[in-house]
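Written below as C-alpha cells is the structure these notes are about.
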Amino acid sequence: MKIIPKSGIEKLIFGMKQNDVTALYGKPDRNYKDEDNNVIFAYNKLKMRLTFYVEEDFKLGYIVASSPELELFGFKMLNRKISEVKKDLATKGITKFTQEEFDTFENYFNEENWIIFQTEFDEVVKFEIGAIINQKDEFDWKFGKK
32 MKIIPKSGIE KLIFGMKQND VTALYGKPDR NYKDEDNNVI FAYNKLKMRL TFYVEEDFKL
92 GYIVASSPEL ELFGFKMLNR KISEVKKDLA TKGITKFTQE EFDTFENYFN EENWIIFQTE
152 FDEVVKFEIG AIINQKDEFD WKFGKK
C-alpha cells in the first residue's frame, strides 16, 4: 500500500467523499461519528480508519493505518525501528520530526507532509497522514485535481 505524501494512501485521496470511498472499497466494517461529529469509516481488511470532516462538507481529511504493507518511497514503515525508518526517509529529504511521548508510545510528527509515525518500544506500530493546509489556511484537497 503506497503512501502518497500530501495526497493520501493508494487510491484514497484527500477530498474524496464517502460515496467515492465506498465505490472503491465497499461498505466499511464500522461507520460512526466522533466527538466532533466527523464521520469515521473503519476497514478491517485494510487496517485503516478514515475521517471525513463535518466542517469540510464531509471530505476525507485524515487516515490512520496499521497495515504492514504500508510503503513510503518504497520503504516499508511498520514493525521497524523508528531509527531505521528515519534513516530511510532522510535519503528523501524528510528529516524534521517533532517527538511526543504518551506512556509507552511515542509520536514522530513531520509537519511538512502532515505525517505521524507512532511507535511503541521503539518500533513503528501505526501511521497517520492528514490533508495539508495551504498558505491561505485552507485544506489543499487533492481529489479531482489534475
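Per my numbering, the very first residue in the sequence shown carries number 32; after that it's consecutive.
Beta carbons: idealized from backbone N, C-alpha and C, even for Gly.
Model, not experiment: these values are computed from the prediction.
Mapping the DSSP letters down to three states, classify residue i as helix, strand or coil.
| i | result |
| --- | --- |
| L120 | helix |
| L55 | helix |
Under DSSP, the beta strand (DSSP E) around residue i begins and ends at which residues?
| i | result |
| --- | --- |
| Q149 | 146-151 |
| G105 | Careful: G105 lies outside any beta strand (DSSP E) and carries neither H nor E. |
| Q166 | Unbroken run through Q166: none, as it is neither H nor E. |
| K33 | 33-35 |
| I125 | Here I125 belongs to no beta strand (DSSP E), and DSSP marks it neither H nor E. |
| G161 | 154-161 |
| F136 | 136-141 |
Considering only their Cβ atoms, is the gap separating residue j from residue i smaller than 8 Å?
| i | j | result |
| --- | --- | --- |
| Y74 | D60 | yes |
| F158 | F148 | yes |
| I44 | M32 | no |
| T129 | F140 | yes |
| L103 | I163 | no |
What residue from the options has the CA that sits closest to residue i's CA?
| i | options | result |
| --- | --- | --- |
| Q49 | F106, E169, N69 | N69 |
| E131 | E151, K123, G124 | E151 |
Taking 8 Å as the threshold (beta carbon to beta carbon), is residue i in contact with chain B?
| i | result |
| --- | --- |
| F106 | Given the protein chain composition of this structure (a single chain), no chain B is represented. |
*Curious, which full-length beta strand (DSSP E) runs of at least 3 residues does the segment 60-119 contain?*
Listed in chain order, they are 61-64, 70-74, 79-84, 90-96.
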